[in-house]
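So the protein lines, in turn, are chains A and B. The letter at position 50 of the first sequence is residue 50 when you use the UniProt record's numbering, and the numbering goes up by one with no holes. The letter at position 399 of the second sequence is residue 399 when you use the UniProt record's numbering, and the numbering goes up by one with no holes. Presented below is the structure to which this report refers.
2 protein chains.
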Amino acid sequence: MSFLSHLECSRCHQTHDADRLQNLCTCGGPLLVRYDLKAVARAVRPANLAGRVSSLWRYRELLPLRDDKNLITLGEGMTPLFPLPRLGASVGLPDLWLKDEGLNPTASFKARGAATGVSRAKELGVTALAMPTNGNAGGAWASYGARAGISVTLVMPTDAPAMSVLEATAVGAHAYMVRGQITDAGAIVGRSAKAHGWFEAATLKEPYRIEGKKTMGYEIAEQLGWSLPDVILYPTGGGVGIIGIYKALLEMRELGWLPDSVRFPKLVAVQAEGCQPIVKAFREGKDVSEKWENASTVAQGIRVPKALGDFLVLQAVRETGGTCVAVSDADTLWGLEQISRQEGAFICPEGAALVGAARQLLREGWLDAGQRVLLLNTGAGIKYPDVMSPKLPILELNATL
Amino acid sequence: MSFLSHLECSRCHQTHDADRLQNLCTCGGPLLVRYDLKAVARAVRPANLAGRVSSLWRYRELLPLRDDKNLITLGEGMTPLFPLPRLGASVGLPDLWLKDEGLNPTASFKARGAATGVSRAKELGVTALAMPTNGNAGGAWASYGARAGISVTLVMPTDAPAMSVLEATAVGAHAYMVRGQITDAGAIVGRSAKAHGWFEAATLKEPYRIEGKKTMGYEIAEQLGWSLPDVILYPTGGGVGIIGIYKALLEMRELGWLPDSVRFPKLVAVQAEGCQPIVKAFREGKDVSEKWENASTVAQGIRVPKALGDFLVLQAVRETGGTCVAVSDADTLWGLEQISRQEGAFICPEGAALVGAARQLLREGWLDAGQRVLLLNTGAGIKYPDVMSPKLPILELNATL
Numbered sequence: 001m002s003f004l005s006h007l008e009c010s011r012c013h014q015t016h017d018a019d020r021l022q023n024l025c026t027c028g029g030p031l032l033v034r035y036d037l038k039a040v041a042r043a044v045r046p047a048n049l050a051g052r053v054s055s056l057w058r059y060r061e062l063l064p065l066r067d068d069k070n071l072i073t074l075g076e077g078m079t080p081l082f083p084l085p086r087l088g089a090s091v092g093l094p095d096l097w098l099k100d101e102g103l104n105p106t107a108s109f110k111a112r113g114a115a116t117g118v119s120r121a122k123e124l125g126v127t128a129l130a131m132p133t134n135g136n137a138g139g140a141w142a143s144y145g146a147r148a149g150i151s152v153t154l155v156m157p158t159d160a161p162a163m164s165v166l167e168a169t170a171v172g173a174h175a176y177m178v179r180g181q182i183t184d185a186g187a188i189v190g191r192s193a194k195a196h197g198w199f200e201a202a203t204l205k206e207p208y209r210i211e212g213k214k215t216m217g218y219e220i221a222e223q224l225g226w227s228l229p230d231v232i233l234y235p236t237g238g239g240v241g242i243i244g245i246y247k248a249l250l251e252m253r254e255l256g257w258l259p260d261s262v263r264f265p266k267l268v269a270v271q272a273e274g275c276q277p278i279v280k281a282f283r284e285g286k287d288v289s290e291k292w293e294n295a296s297t298v299a300q301g302i303r304v305p306k307a308l309g310d311f312l313v314l315q316a317v318r319e320t321g322g323t324c325v326a327v328s329d330a331d332t333l334w335g336l337e338q339i340s341r342q343e344g345a346f347i348c349p350e351g352a353a354l355v356g357a358a359r360q361l362l363r364e365g366w367l368d369a370g371q372r373v374l375l376l377n378t379g380a381g382i383k384y385p386d387v388m389s390p391k392l393p394i395l396e397l398n399a400t401l
Numbered sequence: 001m002s003f004l005s006h007l008e009c010s011r012c013h014q015t016h017d018a019d020r021l022q023n024l025c026t027c028g029g030p031l032l033v034r035y036d037l038k039a040v041a042r043a044v045r046p047a048n049l050a051g052r053v054s055s056l057w058r059y060r061e062l063l064p065l066r067d068d069k070n071l072i073t074l075g076e077g078m079t080p081l082f083p084l085p086r087l088g089a090s091v092g093l094p095d096l097w098l099k100d101e102g103l104n105p106t107a108s109f110k111a112r113g114a115a116t117g118v119s120r121a122k123e124l125g126v127t128a129l130a131m132p133t134n135g136n137a138g139g140a141w142a143s144y145g146a147r148a149g150i151s152v153t154l155v156m157p158t159d160a161p162a163m164s165v166l167e168a169t170a171v172g173a174h175a176y177m178v179r180g181q182i183t184d185a186g187a188i189v190g191r192s193a194k195a196h197g198w199f200e201a202a203t204l205k206e207p208y209r210i211e212g213k214k215t216m217g218y219e220i221a222e223q224l225g226w227s228l229p230d231v232i233l234y235p236t237g238g239g240v241g242i243i244g245i246y247k248a249l250l251e252m253r254e255l256g257w258l259p260d261s262v263r264f265p266k267l268v269a270v271q272a273e274g275c276q277p278i279v280k281a282f283r284e285g286k287d288v289s290e291k292w293e294n295a296s297t298v299a300q301g302i303r304v305p306k307a308l309g310d311f312l313v314l315q316a317v318r319e320t321g322g323t324c325v326a327v328s329d330a331d332t333l334w335g336l337e338q339i340s341r342q343e344g345a346f347i348c349p350e351g352a353a354l355v356g357a358a359r360q361l362l363r364e365g366w367l368d369a370g371q372r373v374l375l376l377n378t379g380a381g382i383k384y385p386d387v388m389s390p391k392l393p394i395l396e397l398n399a400t401l
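Have a look at this one:
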């Protein structure tokens, strides 16, 4: 069962009823889900998790769903976490690890937020929802929406990855394009949702996707035997993952699930040189970012000119002693080649940016070789076939190589 | 630790040394891996598995690797198993389930065989291997080979799926094409492997991929609380999965891991109308299949005109009281649309053929509505983007839907 208590505004801290459908706080701030953590601590200990389902629903008490009959799952979460010995040795970080979110339904971490967001939307009576997307979120919400019997409308930039368009339409979403950025798509969704009474499920405009994403933090701790890495590098677009991981860290500390000797990892927000509003705000000591003009990067998933939760990302980074770093497209593609060829892990460009970021931070002396560094890859490489276009030699039937 | 004992020919039952590199038996039969199951039964009980790693390596004692230092993993196995209530209701099978192998590294079940096959090849000193492939196996073996530092050479038909070509080349495999079938590619690989001293890792020509695939059987039992479905439908090309699942059933029975009251599921080999050598052999009461001429189907992964392990597939089907069934491409595409739109599970055409097969077997009275039927989907839908080509409407910036 869930120990869901209420919703709290991340900005003005006003509380809201969790059992009514909510978008943002009256002050415009995103809402965070709160639980009765004292009761959870009495009900569950880490050792109780061992025999549970191999998905994010193993953390059932810390997820917002009241009734299992509304639980919409395609098997999301409990993604692999493994060392990268050859890549680590080559970049000078011998204790380098990967958590591979490409092994989720719809091949990206967006499945986590969609699972909790759609389940809870169903529970609260939603029959139609709409959202803007750069691709992966649309594919995920469309898929979970289909399974829930909820109508899903998507608006995405015309250069959204073809694979996400494919999966969204395969599962029957109503999908549209716009010549612009995700912010332009968001404006169309906002107007249309109001006109038709659709639930607006844009990033952080509903409270429950963070709850799915936070389970990445729980899993990292559980998979490392309730220890934590020294540093987590995270590709940051909307930033929900980093916000969620930090939320999980705070909850685990309060639950007493982390030994006192365990220090929080430094959280690092990695952006692309061609779209780095949060990096800029971090360097300038600001609490919020400004919209990045003419955003452009090969890592389309982190092409978010202005994130609603930017202040929460900056907070998570600063409070953990982390940093923000921008990576060039050339370094991202270099990172993709290195991790693919050395480790056999064909990841998405967003994840590959982390390889470039790790090298950069090591060179600058921000990272040191003794640290355990975790790269959080957000999706599978095959979702971005346009990054490469291989041509193979054709052999004769009687050929010998 | 592994309780690996020896290798046994599946045809003439001659035993072979497991600690030497082996291909086929001297009689031409594929080799099966044998364990000291009595010792395993003393060392492990199902309850001991609960806290173990969420991958196929949780069945460590029943896998062939001697030393963990040779273990090559990308997090394969422990894929989701969940009910399909809406699809089940619509086709008349209310207790219909899916095991979704698309949530593996390289987005297909081939990762299982590649993980155990490459790990064991590394352990036995292989530095270069070669294989023919219709796509998914090539992507998987290329990826695990890259992580192991083993050189991988692939030959595939010119119409192999672009996504598999992409992933194989991304991880640095030496990949070639041939205008022909996988059997033609296999002939080139055979000659070339001999010429260069490469290890030939074609389906069933090495003994260890079955061991990875068999873990699907262990997982099904564990995930259903050590019960089993009444029927398992499996898309059959080379047939290693069905052979592996049957091997797991026999092992689990001998281990005492299945209560005596639990009956084996009927195993159903599903092929495409355009390539159904095993269905034909089954109907004609034969023990082996004949090469299917002019093989053609939208489900490319099961386009195998003649499988080396055909007799083992037929044995598994007959000994469990199962059957063999061929599905038209039209029914496969119908199945893909149904499972995608009703359940949000965008699976591969091979898996979608199972939906058509289930409907067909129910109509024929072979299945009945009270049975628990499991569809074993072998890969993700996004690996086959050519199956659909969506075109989305483009909206103006000031649009409202």
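By construction, the Cβ of each residue, glycine as well, lies at the ideal position given by its N, Cα and C atoms.
Here DSSP, grouped into helix, strand and coil, assigns S108/B to strand. Comparing alpha carbon positions, the residue from R20/B, Y35/B, N104/B closest to V126/B is R20/B. With 16 or more other CB atoms across the displayed protein chains lying within 10 angstroms of its CB, K214/B is buried. Fewer than three pairs of CB atoms, one per stretch, sit closer than 8 Å, so the region 247-258 of chain B makes no contact with the region 274-290 of chain B.
With respect to chain A, the C-beta atom of T332/B has no partner C-beta closer than 7 Å. Residues of the region 43-55 of chain A with a Cβ closer than 7 Å to any Cβ of chain B, in chain order: A50, G51, S54, S55.
H174/A sits away from T158/A, with the two beta carbons spaced by 7 Å or more. For N134/B, DSSP records no beta bridge to any residue.
If you look at S151/A, you'll find it in the beta strand (DSSP E) that goes 151-157. In the structure shown, S164/B falls within a helical segment according to DSSP collapsed to helix, strand and coil. Looking at L84/B, R58/B, R11/B, K247/B, the one whose alpha-carbon comes closest to that of G344/B is L84/B.
Using a CB distance cut-off of 7 Å, T400/A counts as an interface residue toward chain B. Closest by C-alpha distance to E273/B, out of A299/B, D287/B, S261/B, Y384/B, is A299/B. The beta carbons of K247/A and P277/A sit about 22 Å from each other, so the pair does not count as a contact at 8 Å. Taking the CA atoms as reference points, M1/A sits about 22 Å from E206/A.
For N377/A, the secondary structure class from DSSP, reduced to helix, strand or coil, is strand.
Proximity to G239/B across S151/B, T183/B, Q271/B, L65/B peaks at Q271/B, based on C-alpha coordinates. Annotation: the continuous alpha helix (DSSP H) that includes F282/B extends over 277-283.
Collapsing the DSSP output to three states places A148/B in a helix. Residues of chain B with a Cβ closer than 9 Å to the Cβ of D287/A do not exist; the shortest Cβ-Cβ separation is about 30 Å. Contact annotation for N104/B against chain A: L103 [CB-CB distance below 9 Å, chain order].
Nearest neighbour of K110/B by Cα position, chosen from G51/B, F311/B, N294/B, A201/B, turns out to be A201/B. In the three-state scheme derived from DSSP, where H, G and I count as helix and E and B as strand, P259/A is classed as coil. Contact between the region 67-81 of chain B and the region 71-79 of chain A is present: 3 or more CB-CB pairs across the two stretches fall below 8 Å. Excluding its 5 nearest sequence neighbours in each direction, R147/B has C-beta neighbours in its own chain below 6 Å: I72, listed in chain order. Residues of the region 323-352 of chain A whose Cβ lies closer than 9 Å to any Cβ of chain B, in chain order: L336, E337, S340, R341, Q342, E343, G344, A345, F346. Note on the region 42-89 of chain B: there is no whole alpha helix (DSSP H) run with a minimum of 4 residues. Under the DSSP assignment, I232/A falls in the beta strand (DSSP E) whose first and last residues are 231-235.
With the criterion set as a beta carbon lying under 7 Å from some beta carbon of chain A, the members of the region 60-78 of chain B are T73, L74, G75, M78, in sequence order. E219/A and D100/A have their C-alpha atoms spaced approximately 12 Å apart.
With a threshold of 7 Å between beta carbons, E167/A makes contact with chain B. Nearest in C-alpha terms to W198/A, of all of P390/A, S151/A, T116/A, A358/A, is S151/A. Scanning chain B for C-beta atoms nearer than 8 Å to the C-beta of K383/A yields I382, reported in chain order. When Cβ pairs closer than 8 Å are counted between the two stretches, the region 38-56 of chain A is seen not to touch the region 7-18 of chain A, the count staying below three.
A distance below 8 Å between beta-carbons, with the five flanking residues on each side excluded, links V268/B to the following residues of its chain, in chain order: V231, I232, L233, Y234, V317, G322, T323, C324, V325, A357, L361. Between R58/A and G29/A, the C-beta gap is not smaller than 7 Å, which leaves the two residues out of contact.
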